[in-house]
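Please read the structure below before turning to the comments.
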């Protein structure tokens with residue numbers, strides 16, 4: 001899937017062409033009606049699938065809330081498995097020095113101490129050890145495939161707890177021999193990554209420590225099996241993801257009619273902005289006309305400037321929230337790198353022209369120092385000042401190596417000052433770079449799904465071209481998949497906002513007639 005940092009072409013590895021066509025048909029049906037500003041204020045009562053409902057809110061029961069929560073959890077997990085190739089489950093590790101960790105250690109240690117005292121008693125007491133082997137047997141059987149009857153029979157025969165108890169009653173049980181069989185069987189069933197753990201088990205002499213470590217390795221093997229199952233299911237989930245997510249979200253919407261409120265506000269904001277822009281540019285006698293796809297693309301572009309700490313995401317994008325936030329944070333860093341490069345070229349470009357190694361060094365310096373810039377404790381102005389000082393030092397070093405005069409104090413002060421000034425969001429250079437990146441992303445979203453090439457890179461962004469293309473592909477793939485899943489819901493929202501109840505009724509009637 002296209003969400004792992006690799007550069008991939010837009011539209012590649014999407015679930016199916018039919019899903020894309022469904023979205024296109026939903027959006028195309030909107031063009032059957034004329035858009036007017038008056039329709040924006042028309043009555044907005046609707047069915048549960050339409051969020052702009054004017055009817056009184058329905059009371060939601062606890063069972064309905066829990067059902068919606070379960071659907072959301074299932075949908076989120078399926079989405080994460082399908083789109084994140086690196087997704088895997090890991091064992092929970094309690095925090096170091098935490099009370100829970102200390103209590104767990106004390107309880108476990110007490111259990112193994114009791115077991116050791118029982119096995120060392122005269123005569124030995126085997127009941128706890130036998131129960132452990134019974135549990136081990138069940139875990140080993142759970143690893144077997146339906147066709148592994150031979151090994152299944154062997155495990156049941158060797159770890160027959162009734163037989164082991166009879167042997168224990170006559171002091172004929174071989175606990176070490178049973179442990180060796182278990183370790184040997186684990187070696188046959190485990191993943192190659194556990195081979196070292198199996199070797200350690202074989203070299204452990206104390207029987208209690210052997211049993212303790214057997215359970216530890218079995219826990220690791222269970223996690224390996226779960227992650228193997230996830231990898232096996234991923235191709236199937238990827239093929240079924242669009243229909244599955246859409247069905248699950250429809251179930252959530254039926255249980256919780258307000259589940260599209262944030263999404264409606266998100267799209268409504270873009271509609272208002274587009275209407276205002278068109279009204280300013282339209283001729284006196286012409287009516288403003290919106291293209292729904294353009295409105296939706298502009299809504300998606302807002303996600304690249306979203307305040308993920310303070311502002312709630314649209315409900316339809318919750319499953320991709322972490323990915324979108326990560327992309328936005330990377331994009332903010334790239335914006336500043338492009339700004340710094342543009343300033344450097346404008347001030348000392350004539351001196352450093354033809355020195356690509358220097359440009360790459362300055363880019364690396366900026367990237368390293370801007371790492372973590374989205375944290376609240378990050379002092380951007382101070383870091384920008386440091387980058388300016390470091391840039392002057394690197395430029396002077398390069399000039400000295402070539403026997404050229406270094407930058408004078410005035411030029412250095414100017415460079416550092418301009419670097420520090422881009423902390424301000426209204427800085428003209430920062431605004432220019434931001435507009436060009438927005439233009440690039442907008443062009444990217446306008447490309448048809450099968451397109452295999454990237455849009456042209458606007459001027460001033462060459463220094464971040466490679467990173468921006470990778471990030472753009474990741475962003476476009478998130479958007480394209482989201483359109484395929486939630487296209488029908490977006491189409492209903494846009495009908496309500498642009499055309500009112502009457503148009504929605506016509507569209508639904510036309511859809512049912514077909």
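Numbering (the UniProt record's numbering), first residue to last: 1 to 514. C-beta: ideal position from N, C-alpha, C; glycine also.
- Boundaries for residue 126: no alpha helix (DSSP H) harbours it, and the DSSP string shows neither H nor E there.
- Looking at the backbone, the Cα of residue 250 and that of residue 476 are separated by about 24 angstroms.
- Residue environment for residue 314: buried (at least 16 other C-beta atoms within 10 angstroms of its C-beta).
- Taking the Cα positions, residue 436 is about 60 angstroms away from residue 147.
- With respect to the 7 angstroms criterion, residue 159 and residue 133 are classified as neighbours on the basis of their beta carbons.
- Segment contact: the segment 113 to 130 against the segment 163 to 175, three or more CB-CB distances shorter than 8 angstroms; contact assigned.
- The Cβ-Cβ distance between residue 445 and residue 271 does not fall below 7 angstroms.
- Around the beta-carbon of residue 235, fewer than 16 other beta-carbon atoms lie within 10 Å, marking it exposed.
- Where residue 292 is concerned, the enclosing alpha helix (DSSP H) starts and stops at 292 to 302.
- Excluding residues up to 5 positions away in sequence, 373, 374 lie with their Cβ nearer than 8 angstroms to the Cβ of residue 332 in the same chain.
- Taking residue 263 as the centre and dropping the five residues before and after it, the same chain places the C-beta of 314, 315, 316 closer than 6 angstroms to its C-beta, in chain order.
- An exposed status is given to residue 291, since fewer than 16 other beta-carbon atoms sit within 10 Å of its beta-carbon.
- Three or more Cβ pairs closer than 8 angstroms define a contact, and the segment 185 to 202 falls short of that threshold against the segment 232 to 246.
- Distance from the CA atom of residue 155 to the CA atom of residue 187, rounded to whole angstroms, is 14 angstroms.
- Here residue 266 is buried, its C-beta having at least 16 other C-beta atoms within 10 Å.
- Cα atoms of residue 367 and residue 76: separation of roughly 33 angstroms, rounded to the nearest angstrom.
- The C-alpha of residue 304 lies about 13 angstroms from the C-alpha of residue 320.
- Look at the beta carbons and you see the segment 137 to 144 not touching the segment 103 to 120: under three pairs across the two are nearer than 8 angstroms.
- Rounded to the nearest angstrom, the Cβ distance from residue 339 to residue 198 is 55 angstroms, too far for a contact under 8 angstroms.
- Here residue 268 carries a helix assignment [DSSP, helix/strand/coil].
- In this structure, the CA atom of residue 276 is about 38 angstroms from the CA atom of residue 371.
- Within 10 angstroms of the beta-carbon of residue 257 lie 16 or more other beta-carbons, which makes it buried.
- Excluding five sequence positions before and after residue 394, the CB atoms of its chain that fall closer than 8 angstroms to its own CB belong to 358, 361, 362, 365, given in chain order.
- Our two residues, residue 240 and residue 485, have alpha carbons roughly 11 angstroms apart in a direct line.
- DSSP places residue 306 in the coil class of the three-state scheme, outside both helix and strand.
- In the DSSP assignment, residue 405 falls outside any alpha helix (DSSP H), carrying neither H nor E.
- Non-local beta-carbon contacts of residue 442 in its own chain, meaning distances under 7 angstroms to residues more than five positions away in sequence, involve 297, 301 in chain order.
- In the displayed model, residue 343 falls within a helix according to three-state DSSP.
- Contact between residue 463 and residue 347 does not hold, since the beta-carbon distance rounds to 15 angstroms and is not under 8 angstroms.
- For the options 222, 491, 172, the alpha carbon positioned closest to that of residue 194 is the one of 222.
- Within the same chain, no Cβ atom closer than 7 angstroms to the Cβ of residue 184 is found once the five residues on either side in sequence are excluded.
- Distance from residue 214 to residue 182 at the Cβ level is roughly 6 angstroms; contact confirmed, criterion being Cβ atoms closer than 8 angstroms.
- The beta carbon of residue 434 sits closer than 7 angstroms to the beta carbons of 335 from its chain, once the five residues preceding and following it are set aside; these are given in chain order.
- In this structure, residue 242 lies away from residue 274, with their beta-carbon atoms at least 7 angstroms apart.
- Contact check for residue 454 against residue 469 passes: the beta carbons are separated by less than 7 angstroms.
- Residue 461 and residue 410 have their C-alpha atoms some 27 angstroms from each other.
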